[in-house]
Structure formats: C-alpha cells, structure tokens
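J.: Under UniProt numbering, the residues of the sequence shown are numbered 1 to 291, in order.
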Amino acid sequence: FTSECGEEAFADRVRTVKRYVRDGDTFQTNVSHRLVAPAAVHPVETYDAVRRVNPAPYSGLLEFPGVDLVSASPELLLDVEGDRLSTEPIAGTRPRGDTAEADAELERDLTDDAKERAEHAMLVDLERNDLGKVSEYGSVDVAEYRRIDRYSEVMHLVSSVEGRRREDVSVADAVAAVFPGGTITGAPKPRTMEIIDEVETTRRGPYTGSVGVFGFDDRATLNITIRTLVRRGGEYRLRVGAGVVHDSDPIAEYEETLDKARALVNAVDEALGDAGSFAVESPAGAFEGVR
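In structure tokens:
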C-alpha cells in the first residue's frame, strides 16, 4: 500500500491543524490520508479474510457497478429502535500488545493519558449535543463511559450515548442530526469540516460516511465508514485518520493511522495467500513496515 502523502506531508497537515487549534478555529480535527494498492484479489475474498482477521461489529460488503466497499467498521453512528436512539463514539487508540502483559500496559497508558481523556470527553459531549437535537428534553444520557474495545491490531476508548426520540422526529431526522459523526470530523463541526477540506488533498469518498440498514418498523443501524477498503478502477483505496488537538505529536498521529490500517492490509495479504509484512510506501519510495 502506498500513501498519497507519506509521513512528513501528513505531519505538515497535523501542524496546520494545530495552528487552527491555537487560533481558536477548532478544538479537534480528524485528519486523514489515503493508502492505495492494486486490487489483486476480489472484494468477496477480501471480505471473507476481513471477517477472519479482524471481526468488527459493523462490517459489510457492498458491490456496485464500478465501486465496491469492504468495511470492517468498529463504530456505531446511530442505532434506532422505536423511540430509543444510541450512538457509540470512539476516541482514543493504542496498538495491541504482543503479550497479555504488554496489552494491559497499553490499556493503562490509554486510559491514563490526559490528552486522550480530554479528547474523548469533548467528543462524547458533541454526540450528546447532536442526539439532544432530536431527543425528548432530559432524556439524553451517557449510558457507558470510556470502555475499552479490542480488535486484532488496536484498542479503542468507546462510550455509549442514548436518548429518547421525540414523536415529531423521523428516523431520517435522527440520522441527519448525527451525520457526519463528530469523531471523524471534529468540533465544532462546520468550521472543522472547512479545515479538513483545506488540508486534505483528495476527496474522502465513502470514508467517514455511513453504511447501514433501515427496517419498515422504525428500526435502523448505521456505521461510520472507517476501516473500509474501496475498490475502484483496479485499485484498493484505504483511508485512515487521527484526531488532532493542541498537544498532538505529528509523527505519533501518523503512526496511529498505520496502526488502524494494519488489520485491513493483513486481510488483503491473507486473501492473497500471503502472510507477508505490513508496509506503507511513501511517494519518495521509502518503506516503513512491521511484521
């Protein structure tokens, strides 16, 4: 997989966002870059490998003329069941450890990190505000706060926010209130999306959109389309990002994006019958890889 920009150009994006944070334009902005590789294996085979390598609760395979999506999303944008609304923001990431002891130490590092805790609290508050637009007054509640969810290559801080849908609010209204998700845009949303449009040099496409199902009984479940391979024009595109705040380290944020990409890259390798190394190639041709 080749990065559209490489480490240093991504770090420049982070530095630009940090200047906007310093100037008061944004509190947190999700910055992403795109990885590209030849689509040498069919999406169905890739999805089968994804389900083995990195099971995720909001996965899916969509095939359309000219474009296919293989999603292993861990994040719930919105669940609607009758008048119950829920969203589960993810904010805070660490790689998995090689041993149980290392994994536990990384979990402690994540849960004790003041930067991660502050960022998570801010984004949970943003989701509370979004649900509050379409919920009965006083019904919005943080049902679960800062749990740890583990996947094959990363662990995340996750919270669950719930509300009771107002009678005058349709399912579509509820989706509109939370879309796009705050964790993959930032706060405040409108200005932050302008900053994203400025610093990212390629369009996001399906990335950070939503894939979901709607029933005829006022039920719906929608993911946030992250950890998702897009096959278009003979290539796989995998976009990954990180949340940037005032004390973000540009190189550490870049490394976090690679941690998030690793499971999907491993799945493509497995689908190809090759358990080789994970590598990201910069435009200059240098490789950064880990087994």
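Yeah, the Cβ is synthetic: ideal placement off N, Cα and C, and Gly gets one too. Please read all numbers here as calculations on a predicted model, not as lab measurements.
Among the residues of its own chain, which have a CB less than 7 Å from the CB of Ala212, if the five just before and after it don't count?
T.: The sequence given here places Gly at residue 212; Ala does not occur at that position. The residues Ala220, Thr221, Leu222, Asn223, in chain order, have a CB closer than 7 Å to that of Gly212 in the same chain once the five nearest residues on each side in sequence are set aside.
J.: Judging by CA-CA distance, which residue of Leu110, Ala177, Asp125, Ala11 is the nearest neighbour of Arg147?
T.: Leu110
J.: Could you tell me if Phe278 is buried or exposed, where buried requires 16 or more neighbouring beta carbons within 10 angstroms of its beta carbon?
T.: In this prediction, Phe278 scores a pLDDT of 46, lower than 50, which makes its location untrustworthy; the coordinate-derived value is nonetheless stated afterwards. Buried: at least 16 other Cβ atoms inside 10 Å.
J.: Closest to Tyr236 by CA distance: which of Asp79, His246, Gly205, Ala252 is it?
T.: Gly205
J.: Tell me which residues share the same chain as Ala37 and place their Cβ nearer than 6 Å to its Cβ, disregarding the 5 neighbours each side in the sequence.
T.: So the qualifying residues of the chain are Phe1, Tyr236.
J.: Could you tell me whether the segment 136–145 touches the segment 157–167, where touching means 3 or more Cβ pairs closer than 8 Å?
T.: yes
J.: Between Arg203, Asp259, Val175, Phe214, which has its C-alpha nearest Thr87's C-alpha?
T.: Ranking the options by Cα distance to Thr87, first place goes to Val175.
J.: What residue ranges within the segment 160–223 form continuous beta strand (DSSP E) runs of no fewer than 3 residues, ordered along the chain?
T.: 212–214, 219–223
J.: Run the CB neighbour count on His156, radius 10 Å, all protein chains shown included, and call it buried at 16 or more, exposed below.
T.: buried
J.: From Glu255, Glu45, Asp249, pick the residue whose C-alpha is nearest to that of Arg15; which is it?
T.: Asp249
J.: For the alpha helix (DSSP H) containing residue 322, name the first residue and the last one.
T.: Because the chain here runs from 1 to 291, residue 322 falls outside it and cannot be looked at.
J.: According to DSSP, what are the bridge partners of Leu78?
T.: Residue pairing for Leu78: DSSP places it in a beta bridge opposite Leu222.
J.: Give the single residue among His42, Gly82, Val70, His33 whose Cα lies nearest to the Cα of Asp217.
T.: Gly82
J.: Using the three-state DSSP reduction, which class does Asn30 fall into: helix, strand or coil?
T.: strand
J.: Along the chain, which unbroken stretches of the alpha helix (DSSP H) at least 4 residues long are found entirely within the segment 108–165?
T.: Assignment of alpha helix (DSSP H) within the segment 108–165, counting only whole runs of 4 or more residues, yields 114–132 in chain order.
J.: State the Cα-Cα distance for the pair Gln28 and Glu4, rounded to the nearest angstrom.
T.: 23 Å
J.: Near Asp103, what residues of its chain come up, given a Cβ to Cβ distance below 7 Å and the 5 sequence neighbours on each side ignored?
T.: Arg96, Gly97
J.: Just mark Arg165 as buried or exposed, buried being the case when its beta carbon has 16 or more other beta carbons within 10 Å.
T.: buried
J.: Helix, strand or coil for Pro43, going by three-state DSSP, please let me know.
T.: helix
J.: Decide if Tyr47 is buried, meaning its Cβ has at least 16 other Cβ atoms within 10 Å, or exposed.
T.: Counting Cβ neighbours within 10 Å, Tyr47 comes out buried, since at least 16 surround it.
J.: Closer than 8 Å is the cut-off here; do at least three beta carbon pairs connect the segment 111–121 with the segment 166–173?
T.: no
J.: Going by alpha carbons, who is nearest to Gly181 out of Ser71, Arg128, Gly24, Ala9?
T.: When only C-alpha atoms are compared, the closest one is Arg128.
J.: Ala271: buried (16+ other C-beta within 10 angstroms of its C-beta) or exposed?
T.: buried
J.: In terms of alpha-carbon separation, which member of Val70, Asp68, Val124 lies closest to Gly92?
T.: Val124
J.: Quick one: Cα of Val178 to Cα of Ala261, how far?
T.: 25 Å
J.: State the beta-bridge partners of Val67 as determined by DSSP.
T.: Phe64, Arg232
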